[in-house]
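Colleague: What follows is a structure written as structure tokens; I'll ask about it next.
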Amino acid sequence: MILIENARVLRDGKLVQANVLVEENRISAIGEFKDKSDYVIDGKGLAVIPGLFNSHTHAAMTLFRGYADDMPLQEWLEKKIWPAEAKLNDEIVYWASKLACIEMLKSGTTFFLDMYFFPSATAKAVEETGIRACLSSAFFDFFNRDLLEINLKRVEKELRELKGYRVLRAVAPHAVYTVSLEGLKRAMEMAEEENILVHFHLAETEKEVVEFRKKHGKGIVSALDEIGFLNPRLISAHCVWLEKDEIRLMARKGVNAVHCPASNMKLSVGKALNYPEMKNSNLNVLLGTDGAASNNSLDILREMKFSALLQKFYHGSDSFKATDALRMATENASKAFGIKAGKIEVGWLADLVLLDLKKIPMTPCHDLVANLVYSASSDCVDTVIVDGKIVVENGHFDGEEKVIEKFSKLAESFFGQFKT
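Going letter by letter, the sequence shown gives residues 58 to 477 in the numbering used here.
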């Protein structure tokens, strides 16, 4: 048992003075009470918030942080990222993912949705660091039927292997410019058969949308609807270049969209996700950092700020509130992934973040949610609890220095093969 005493707890958008009792992996009591516990945290000067969700990332791409920056998306992928990814192996993915897990935990993320290769290597990193995750097996077919069959067999094998780990699973067809409609249909059929999610990039750039329409004579969303791809299993990252009628259709079908503002701005995708229309249409919107190659951070606190600033800049000052950002990173994600986390309630999972209210960015605390979204950073995170276990204490993850040292050596060796 863990008892958090005398803390200020975020409930329904407001801070209330309360104790929080954690038994096994659940919140068992909230309020004024005395209880014996195995471990007591003095919550004086701390705020307790729900653990945060990072709903779109590529964890092992910490390997590419700062590599080939300031390039257009397609050129960046084709000339730099994809050639380097062809040289990946499970060892480098494991260490890169482990670094990512630590970075996310230290900035308050307790759950992430990943799309990458060698998912079992990432699963090992997830289990060792204690974070929660939904891991997806990424594939491309480049409109080649033989390649599709080869990749689907690989995906089936990787999904079977993931059953041995404490993770949720997903199928991840990359995007419409790398996967055929047949490949997308087969991916959804696989997800339905396995009762898992589908993780996908959608309408990230204008080029993607224009070229698809030229090729197929229709918009992406209507084409996806025709093949049965739009449903609540679908987690669609980016969703920037969508028309209003497409947003409404996605909402009716129960699709989930993921806002990735930092990546969208850095890769200069041309406009902002239309959150006002999505909110009016009741489309469930989540928040993601994307990978460290295109962000270059996995700090979800920072991402909440970017989401608010980008929306206000593009759609107007009243288009977005701090509470919208927090909801994207908590309750909306909880709904999409079907887990009882993202809220501080009795019976819900004990995924909690304790923020130090004595840190400069949190002072004064007129409005915790405003401070959380507009000024907080990973430096404000004191303690992180996932599944009822303390994984970050006093802002430190045990063993992080060894991970940094090992990964740095591997990264240097990996990129050495590209030097001429």
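Glycine included, C-beta positions come from ideal geometry on N, C-alpha and C.
Please read these numbers as outputs of a predicted model, since none were measured by experiment.
Excluding the 5 residues preceding and the 5 following residue 326 in the sequence, name in chain order all residues of the same chain whose CB lies nearer than 7 Å to its CB.
Modeller: Answer for residue 326: 261, 262 and 297, listed in chain order.
Colleague: According to the neighbour-count rule (16 or more other Cβ atoms, all chains shown, within 10 Å of its Cβ), is residue 117 buried or exposed?
Modeller: Flag for residue 117 reads buried.
Colleague: Where residue 176 and residue 210 are concerned, what is the direct C-alpha to C-alpha distance, given to the nearest angstrom?
Modeller: Rounded to whole angstroms, residue 176 to residue 210 spans 15 Å at the Cα level.
Colleague: Nearest-angstrom Cα distance between residue 467 and residue 149?
Modeller: Roughly 7 Å separates the two Cα atoms.
Colleague: Looking at C-alpha atoms only, which residue of 172, 306, 435 and 272 is the closest neighbour of residue 452?
Modeller: Checked all of 172, 306, 435 and 272; the closest Cα to residue 452 is 435.
Colleague: Could you tell me how far apart the beta carbons of residue 218 and residue 174 are, in whole angstroms, since I believe they sit closer than 8 Å?
Modeller: No, residue 218 and residue 174 are not in contact; Cβ-Cβ is about 13 Å, not under 8 Å.
Colleague: Does residue 397 pass the burial test, meaning 16 or more other C-beta atoms within 10 Å, or should it be called exposed?
Modeller: Under this definition residue 397 is an exposed residue.
Colleague: On the criterion of 16 or more Cβ atoms from any shown chain inside 10 Å, does residue 363 qualify as buried, or is it exposed?
Modeller: Buried, because 16 or more other Cβ atoms sit within 10 Å of the Cβ of residue 363.
Colleague: Please state the DSSP three-state secondary structure of residue 535.
Modeller: With the chain covering 58 to 477 only, the question about residue 535 has no answer from this structure.
Colleague: Could you tell me if residue 439 is buried or exposed, where buried requires 16 or more neighbouring beta carbons within 10 angstroms of its beta carbon?
Modeller: Looking at its Cβ environment, which holds 16 or more other Cβ atoms inside 10 Å, residue 439 is buried.
Colleague: Please tell me whether residue 408 and residue 430 are closer than 8 Å, where the distance is taken between their beta carbons.
Modeller: The answer is no: Cβ separation not under 8 Å.
Colleague: Could you work out which residue in 417, 110, 94 and 123 is closest to residue 472 when comparing CA atoms only?
Modeller: Selected option, being the one with the closest Cα: 123.
Colleague: Can you say whether residue 356 is buried or exposed, counting buried as having 16 or more other CB atoms within 10 angstroms of its CB?
Modeller: Its Cβ being crowded by 16 or more others within 10 Å, residue 356 is buried.
Colleague: State yes or no: is the C-beta of residue 86 within less than 8 Å of the C-beta of residue 403?
Modeller: Contact: yes.
Colleague: Here's the rule: buried if 16 or more other CB atoms are within 10 angstroms of the residue's CB, otherwise exposed. What is residue 368?
Modeller: Residue 368 is buried by the Cβ-count criterion.
Colleague: First and last residue of the alpha helix (DSSP H) that includes residue 473?
Modeller: From DSSP, the alpha helix (DSSP H) with residue 473 extends over 457 to 473.
Colleague: Would the beta-carbon of residue 172 fall within 8 Å of that of residue 229?
Modeller: Yes, the pair counts as a contact, with Cβ atoms nearer than the cut-off.
Colleague: Given that a residue counts as buried once 16 or more other Cβ atoms are within 10 Å of its Cβ, and exposed if not, what is residue 202?
Modeller: Exposed, because fewer than 16 other Cβ atoms sit within 10 Å of the Cβ of residue 202.
Colleague: With a threshold of 6 Å on Cβ separation, who are the neighbours of residue 411 within its own chain once the five nearest residues in sequence on each side are excluded?
Modeller: Result list for residue 411: 103, 105, 439 and 440, in chain order.
Colleague: Give me the Cβ distance between residue 395 and residue 388, rounded to the nearest whole Å; I'm assuming they're in contact under 8 Å.
Modeller: So it is not a contact: roughly 13 Å between Cβ atoms.
Colleague: Name, in chain order, the residues that DSSP records as bridge partners for residue 173.
Modeller: Note: residue 173 sits in a beta bridge opposite 194.
Colleague: Starting from residue 42 and walking both ways along the beta strand (DSSP E), at which residues does that stretch end?
Modeller: For residue 42 there is no data in the structure shown, the boundaries of the chain being 58 and 477.
Colleague: From this set, 259, 89 and 155, which residue's C-alpha is nearest residue 455's C-alpha?
Modeller: Nearest of 259, 89 and 155 to residue 455, Cα basis: 155.
Colleague: Unbroken alpha helix (DSSP H) runs of length 4 or more, entirely within the segment 197 to 263: which are they?
Modeller: Fully enclosed alpha helix (DSSP H) runs of 4 or longer: 202 to 219 and 238 to 251.
Colleague: Exposed or buried, which one is residue 59 when buried takes at least 16 other CB atoms within 10 Å?
Modeller: Counting Cβ neighbours within 10 Å, residue 59 comes out buried, since at least 16 surround it.
Colleague: Along the chain, where does the alpha helix (DSSP H) that runs through residue 64 open and close?
Modeller: Segment 59 to 68 is the beta strand (DSSP E) holding residue 64; no alpha helix (DSSP H) there.
Colleague: Pop quiz: residue 281 and residue 254 are said to be a contact at Cβ under 8 Å. What is the actual Cβ separation, rounded to whole angstroms?
Modeller: Not really, about 15 Å apart at Cβ, beyond 8 Å.
Colleague: Give me the Cβ distance between residue 358 and residue 164, rounded to the nearest whole Å; I'm assuming they're in contact under 8 Å.
Modeller: About 5 Å separates the two Cβ atoms, so the contact holds.
Colleague: Cβ of residue 386 within 8 Å of Cβ of residue 341?
Modeller: Going by C-beta atoms, residue 386 is not nearer than 8 Å to residue 341.
Colleague: Tell me residue 110's beta-bridge partners as DSSP assigns them.
Modeller: According to DSSP, which records beta bridges pairwise, residue 110 is partnered with 168.
Colleague: Quick check on the DSSP output: the beta strand (DSSP E) that includes residue 409 runs from which residue to which?
Modeller: Here the beta strand (DSSP E) through residue 409 covers 409 to 413.
Colleague: Buried or exposed: which applies to residue 234, given that a residue is buried once 16 or more other Cβ atoms fall within 10 Å of its Cβ?
Modeller: That one is buried.
Colleague: Taking C-beta to C-beta, are residue 293 and residue 313 nearer than 8 Å?
Modeller: A contact, by the Cβ cut-off of 8 Å.
Colleague: Sort out for me which residues DSSP pairs residue 313 with in a bridge.
Modeller: According to DSSP, which records beta bridges pairwise, residue 313 is partnered with 292 and 341.
Colleague: Work out the CA separation of residue 231 and residue 196 for me, nearest whole Å.
Modeller: Near 6 Å, if we compare the C-alpha coordinates of residue 231 and residue 196.
Colleague: Does the separation of the CB atoms of residue 245 and residue 285 fall below 8 Å?
Modeller: In this structure, residue 285 lies closer than 8 Å to residue 245 by Cβ.
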